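J.: Please read through the structure below; I'll follow up with questions.
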Amino acid sequence: MIVQAEDKPSSASVEKRHDDAWFASTCALCYGTCSTRVHRVDGVVVKIEGNPDSSIGKGRLCGKGVSGIMSHYDPNRLKRPLKRTNPKKGIGVDPGWKEISWDEALDEVAAVLKRVRADDPRKMVIQRTTTLTSSYVPMVAFTSGFGTPNTSASGGGLHCGNGAHMISGAMHASWSIVPDFEYCNYAVYFGASKGHGAGHASTSNMGLAAEARSRGMKMVVVDPMCNFAAAKASEWVPIRVGTDAALALAMCNMLVNELGIIDGPYLQARTNAPYLIGPDKLYVRDPDTNKPLVWDRSAGGARPYTDALAADMALEGEFEVRGIHCHPAFHLLKDHLQKFTPEWAEGISTVPAASIRRLSREFGEEARIGSTIVIDGVTVPYRPVAAITFRGAQGHLNSVYNYIAIDLLNQLVGAADVAGSCLGFNPACSGYPETGRLRYSPTPGEDGLMVTGIWMTRHIPYPLAEPRLPQTAGLGDLFVMGRTSPFLSSSDQEEMWQKFELPYRPEVLFNFGSNLVMAIGNKDTVAAALARYRFVISIDLFLNETSDFADIVLPDCDYLQSVDSRPNFPFIFNHPAGMGDWCWTVRQPVLEAQGEQRPHADVLMEIAERAGFLPDMNMALNAQLNLEAPYRLAPDRRYRWEDICDAELKNNFGPERGLAWFKQNGVLKWPKKPQEVYWRPYIDVRVPIYWENLVRIYDKTTAITGPRGLAVPRRYYEPMPDFNPCVSHQCKTKDFDFYAFYYRDSVHTNSYTMENAWLDEAARLDPYSYAIVINRATGKRHGLADGEAIRVETEHGRHVEGRVCLSEAIHPEGLGIAACAGHWAEGMPMAKGKGVFFNEFLELDWNHVSPINFNLDICAKVKVGRIGGAAR
Amino acid sequence: MRRGTVIDLKRCIGCYAYQLSCKAEHGTPPGVLFARVLKHEEGQYPTVRQLFLPVWTPMAPRALLR
Chain A
1 MIVQAEDKPS
11 SASVEKRHDD
21 AWFASTCALC
31 YGTCSTRVHR
41 VDGVVVKIEG
51 NPDSSIGKGR
61 LCGKGVSGIM
71 SHYDPNRLKR
81 PLKRTNPKKG
91 IGVDPGWKEI
101 SWDEALDEVA
111 AVLKRVRADD
121 PRKMVIQRTT
131 TLTSSYVPMV
141 AFTSGFGTPN
151 TSASGGGLHC
161 GNGAHMISGA
171 MHASWSIVPD
181 FEYCNYAVYF
191 GASKGHGAGH
201 ASTSNMGLAA
211 EARSRGMKMV
221 VVDPMCNFAA
231 AKASEWVPIR
241 VGTDAALALA
251 MCNMLVNELG
261 IIDGPYLQAR
271 TNAPYLIGPD
281 KLYVRDPDTN
291 KPLVWDRSAG
301 GARPYTDALA
311 ADMALEGEFE
321 VRGIHCHPAF
331 HLLKDHLQKF
341 TPEWAEGIST
351 VPAASIRRLS
361 REFGEEARIG
371 STIVIDGVTV
381 PYRPVAAITF
391 RGAQGHLNSV
401 YNYIAIDLLN
411 QLVGAADVAG
421 SCLGFNPACS
431 GYPETGRLRY
441 SPTPGEDGLM
451 VTGIWMTRHI
461 PYPLAEPRLP
471 QTAGLGDLFV
481 MGRTSPFLSS
491 SDQEEMWQKF
501 ELPYRPEVLF
511 NFGSNLVMAI
521 GNKDTVAAAL
531 ARYRFVISID
541 LFLNETSDFA
551 DIVLPDCDYL
561 QSVDSRPNFP
571 FIFNHPAGMG
581 DWCWTVRQPV
591 LEAQGEQRPH
601 ADVLMEIAER
611 AGFLPDMNMA
621 LNAQLNLEAP
631 YRLAPDRRYR
641 WEDICDAELK
651 NNFGPERGLA
661 WFKQNGVLKW
671 PKKPQEVYWR
681 PYIDVRVPIY
691 WENLVRIYDK
701 TTAITGPRGL
711 AVPRRYYEPM
721 PDFNPCVSHQ
731 CKTKDFDFYA
741 FYYRDSVHTN
751 SYTMENAWLD
761 EAARLDPYSY
771 AIVINRATGK
781 RHGLADGEAI
791 RVETEHGRHV
801 EGRVCLSEAI
811 HPEGLGIAAC
821 AGHWAEGMPM
831 AKGKGVFFNE
841 FLELDWNHVS
851 PINFNLDICA
861 KVKVGRIGGA
871 AR
Chain B
1001 MRRGTVIDLK
1011 RCIGCYAYQL
1021 SCKAEHGTPP
1031 GVLFARVLKH
1041 EEGQYPTVRQ
1051 LFLPVWTPMA
1061 PRALLR
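This is the structure in structure tokens:
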């Protein structure tokens, strides 16, 4: 394979000249951002493949990636700026679009932004899609430059991230977790599909997971539905929706209290298990240094955790320190876990107690505690087991504990960031050898607990900010575990804002590529919130359901027409974990804009210039990209985005390796070292198995919420994980027999790809993609026949309709719906009417989000009936 | 000589790259697929397997198979 050198494709001659060339670039059909090679003939892209030169996918590309051509050449793509003529906004209400010039559009946008910024920048909310990772840097710089704290990532955080990313960050210094596919022998997946066609490092993980299966890695998949991951598993464990913590806690109990399988030295040295806890549930601290105390068995007394040898720290026992009766955290955890018996867990999760005992034993025995392995000449701990989770398990009221409970399995046996174990995605990197740039690693923070070396957002997992009376519309500064907030769209937002004396109200929404009306929850609640804005600006590829609420729509260039200098950085997000090579890639424009499309990054800088905050945006870019002289941006100079990409590359890799070098060579690789990948023994940080900070956060949060009349239940803020039921588990209404949930379809990304003709064709032929999947026996009991039209309704009276697929591969109480489908907008005619709009089931208010981290409860108890027939 | 396709089904996760790469390679019109990925359930809940089967279709030109 030869990736040919190419002149700047933005030259005006591209369309006219005869050419036949391949370009190294990156995919953007999902946020996986796999490396591609794009074949262009006479100005037309004719093929997109994986790039075998790159570590990101290693030449593989999934069905979505190879279909990108159809998204690009869709005749419904936006080509000109549009302005509404109908002042009335509503679902399906024609905005009466009028084409306007860029000058006119940007003048109007800049005038609105200038006014709001001078008044109170917090009155602008900035919203961004999660699908296009390259939008992250320019959008965040634009947001910082403008000066609003009110920013959101569409449905992304509310659905998949508030639990997964924050706890993964606190425990593994990474955005997500995966098994160390190369060495793992036994992986348990809880509601996750890593390696099965979706998500972070998507095709890289598909390849690694396939190799692991071929090698004989046993994979147990806990999931209400036997689809992508479970289909390839050695064992599918069907579970009642949203009860993963019950199973995980029972397995932890078995390991600790019945099997006695724990990695004591790991717990002593790398967790807060030995920290002494007093009757107030808080650390017992050294009066001089304020450091948490441990019981030093050789000294026979309490000492600061920094002063005792790890091997001497007691994990169990009752101690008396300065008159305070206390226990090591592990002692309390061991006692706490006793109540989670397999029989109790069976009642909650439907997983048989005998299976729970067997899975616990298999997991514990396969961990091979105490063993080591030599990799590239380096001896590292070997724990070839991993408990993995993501969106499915943590998308519930019990979000935080679900994730903590599952990861606790790893922590108990020391299977964290060592060979074969549960890995974060690249939490430590020694940097690019020739320049020393890109170096980062976890560090010990307050109380010796881990602070991530690099993070995606300003909101770091640890230490958390102090709760305060909120100044942000999302209330994230009061509920400090929350990232993305429902209160930017919820039905009770005004009530919450009044309660917490928010000193302003959002007036302007700046939306990049997010189809909010579909991506967050039920359409009416989100639509009502959108209609309350005085002005909405949307940059997009198509007119979608959210465009109905925009005042100005600006046509974007897509991924085949844009440049990006860091598709796979930070490495904690989207770069394959495990051994292999570090790999830096770029995205390069292969095609020119159609009509008057403009790349969003350049448009953002032009808006910033017109609205008078370009210097602030440039300074934000300097900080974000860590640019140093001579590559730092001058405050008052207007750059092209391509120049900034070039500056970032040279800043990281030296003056000879700018954008031109990457366009020609495609990728830059250098080998990973075992000490980077299996960093845990080499970096002196601890992680919590006892979440003492939640106790303190609860007191501080409720000191503000209590007097203002909001009851926050303490059971979500206890220091040790528990099972708290979903709203759906508490529904006992007659005929509401099914737990509705959604799942990622490997052929679709969020709400975007239903408009792609090839993916739509594949999904129409797929038995499940556009159907409502119900267990065959249960469906028959309800008098349903395979393929017939049904109506599914929530207790709140919200409903969807679709064709039922009766399947053996789903839990008897489950009702599965794929992706974020069911479009109704005219601007996406291929997508219109395809599939089922699951999010319609989701209420958006305080009662339907986790009261600690705002994760939405992404399940609903529903009633099913034939269309035109009686329910049941 | 007839051509065949050897696929390790253990590795297939049903992402449709097989079907869609073929579509991209041959540029077939809507409704015409030379290759497909079929899904098939085997067994009864909870002892069920979900199979992904990449296959040639009868629409595939004979020339491709020789």
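Chains as they are written, first to last, in my numbering: chain A, 1 to 872; chain B, 1001 to 1066.
Ideal Cβ positions, reconstructed from N, Cα and C, are used throughout, including at glycine.
Source: prediction; values computed, not measured.
Does any residue of chain B bring its CB to less than 8 Å from the CB of P179 (chain A)?
T.: Taking Cβ atoms only, chain B never reaches closer than 8 Å to P179 (chain A), which makes this a no.
J.: According to DSSP, is A554 (chain A) helix, strand or coil?
T.: The identity of residue 554 (chain A) in the sequence shown is Leu, whereas the question assumes Ala. DSSP places L554 (chain A) in strand when its eight states are reduced to three.
J.: Just mark T733 (chain A) as buried or exposed, buried being the case when its beta carbon has 16 or more other beta carbons within 10 Å.
T.: With fewer than 16 other Cβ atoms within 10 Å, it is exposed.
J.: If the cut is a Cβ gap below 7 Å, which residues of chain B does R383 (chain A) touch?
T.: The premise fails here: R383 (chain A) is roughly 25 Å from chain B at the closest Cβ pair, so nothing lies under 7 Å.
J.: Per DSSP, what kind of secondary structure is H1040 (chain B) in: helix, strand or coil?
T.: Of the three classes helix, strand and coil, the one that applies to H1040 (chain B) here is strand, per DSSP.
J.: Cutting at 7 Å between CB atoms, please list the residues of its own chain near A110 (chain A), excluding the five before and the five after it.
T.: These residues qualify, in order along the chain: I607, R610, A611.
J.: Quick check: the Cα distance between G392 (chain A) and W102 (chain A), rounded to an integer number of angstroms?
T.: Their Cα atoms are separated by approximately 42 Å.
J.: Kindly indicate which residue of A:N652, A:A28, A:N839, A:H396 has the alpha-carbon position closest to the one of E434 (chain A).
T.: The residue with the shortest Cα to Cα distance from E434 (chain A) is A:N652.
J.: Give every residue of the same chain whose Cβ lies closer than 8 Å to the Cβ of L627 (chain A), excluding the five residues on either side of it in the sequence, and list them in chain order.
T.: Same-chain partners within the cutoff: L621, L633, A647, E648, N651.
J.: If you scan the segment 215–253 of chain A from start to end, which runs of the alpha helix (DSSP H) of 4 or more residues do you find wholly inside it?
T.: DSSP runs (the alpha helix (DSSP H)) wholly in the segment 215–253 of chain A: 228–231, 244–253.
J.: Could you check what DSSP says for H327 (chain A) in three-state terms: helix, strand or coil?
T.: It is a strand residue.
J.: Roughly how many whole angstroms lie between the Cα atoms of M219 (chain A) and W582 (chain A)?
T.: Distance between the alpha carbons of M219 (chain A) and W582 (chain A) is about 27 Å.
J.: Let's test the definition: count the other Cβ atoms within 10 Å of the Cβ of A860 (chain A) and tell me whether it reaches 16, buried, or not, exposed.
T.: Buried is the call here.
J.: Quick one: which residues of the segment 52–64 of chain A get their C-beta closer than 7 Å to a C-beta of chain B? List them in chain order.
T.: Those would be L61, C62, G63, in chain order.
J.: Does the Cβ-Cβ distance between F142 (chain A) and M124 (chain A) come in under 8 Å?
T.: No, Cβ-Cβ distance for F142 (chain A) and M124 (chain A) is not below 8 Å.
J.: With DSSP run on the structure shown, which of helix, strand or coil describes M828 (chain A)?
T.: DSSP places M828 (chain A) in coil when its eight states are reduced to three.
J.: Determine the contact status of P948 (chain A) and R368 (chain A), defining contact as a CB-CB distance below 8 Å.
T.: Past the edges of chain A, shown from 1 to 872, lies residue 948 (chain A), and the structure says nothing about it.
J.: Where A118 (chain A) and M617 (chain A) are concerned, what is the direct C-alpha to C-alpha distance, given to the nearest angstrom?
T.: Roughly 16 Å separates the two Cα atoms.
J.: List the whole-angstrom C-beta distance separating N51 (chain A) from G59 (chain A), where the pair is believed to meet the contact cut-off of C-beta under 8 Å.
T.: Confirmed, Cβ separation roughly 6 Å.
J.: In this structure, what does DSSP give as the bridge partners for E49 (chain A)?
T.: DSSP output for E49 (chain A) lists A:R37 as bridge partner(s).
J.: Quick one: is G833 (chain A) buried, meaning 16 or more other Cβ sit within 10 Å of its Cβ, or exposed?
T.: It is exposed - the Cβ of G833 (chain A) has fewer than 16 other Cβ atoms within 10 Å.
J.: Which residues bound the alpha helix (DSSP H) around W661 (chain A)?
T.: Segment 659–665, the alpha helix (DSSP H) holding W661 (chain A).
J.: At the level of alpha carbons, what is the spacing between P1061 (chain B) and R1003 (chain B)?
T.: Computed Cα separation, rounded: 12 Å.
J.: Kindly identify the DSSP beta-bridge partner or partners of G424 (chain A).
T.: In DSSP, G424 (chain A) forms a bridge with A:I177.
J.: In chain order, what residues of the same chain have a beta carbon less than 7 Å from the beta carbon of Y462 (chain A), not counting five sequence neighbours either side?
T.: Same-chain partners within the cutoff: A170, G445, L449, M450, V451.
J.: Where does A529 (chain A) fall in DSSP's three states?
T.: Helix, per DSSP.
J.: Can you tell me whether Q594 (chain A) is helix, strand or coil according to DSSP?
T.: If DSSP states are grouped into helix, strand and coil, Q594 (chain A) belongs with coil.
J.: Using a Cβ-Cβ cut-off of 8 Å, state whether C27 (chain A) counts as contacting chain B.
T.: Not an interface residue.
J.: Taking three-plus beta-carbon pairs below 8 Å as touching, is the segment 37–56 of chain A in contact with the segment 197–212 of chain A?
T.: Short answer: they touch.
J.: Cutting at 6 Å between CB atoms, please list the residues of its own chain near G1043 (chain B), excluding the five before and the five after it.
T.: Once the five neighbours on either side are set aside, the close Cβ partners of G1043 (chain B) are R1049.
J.: Tell me the DSSP secondary structure of T350 (chain A) in three-state form.
T.: Of the three classes helix, strand and coil, the one that applies to T350 (chain A) here is coil, per DSSP.
J.: Based on the DSSP output, what are the partners of L1051 (chain B) in its beta bridges?
T.: Paired residues: B:H1040.
J.: Given that a residue counts as buried once 16 or more other Cβ atoms are within 10 Å of its Cβ, and exposed if not, what is T705 (chain A)?
T.: Buried, because 16 or more other Cβ atoms sit within 10 Å of the Cβ of T705 (chain A).
J.: CB P423 (chain A) to CB V178 (chain A), shorter than 8 Å?
T.: First, the amino acid is wrong: residue 423 (chain A) is Leu here, not Pro. Yes.
J.: Strictly by DSSP, which residues pair up with T546 (chain A)?
T.: T546 (chain A) pairs with nothing; no bridge assigned.
J.: Using only CA atoms, which one of A:T457, A:N402, A:H811 lies nearest to S850 (chain A)?
T.: The option with the nearest alpha carbon to S850 (chain A) is A:N402.
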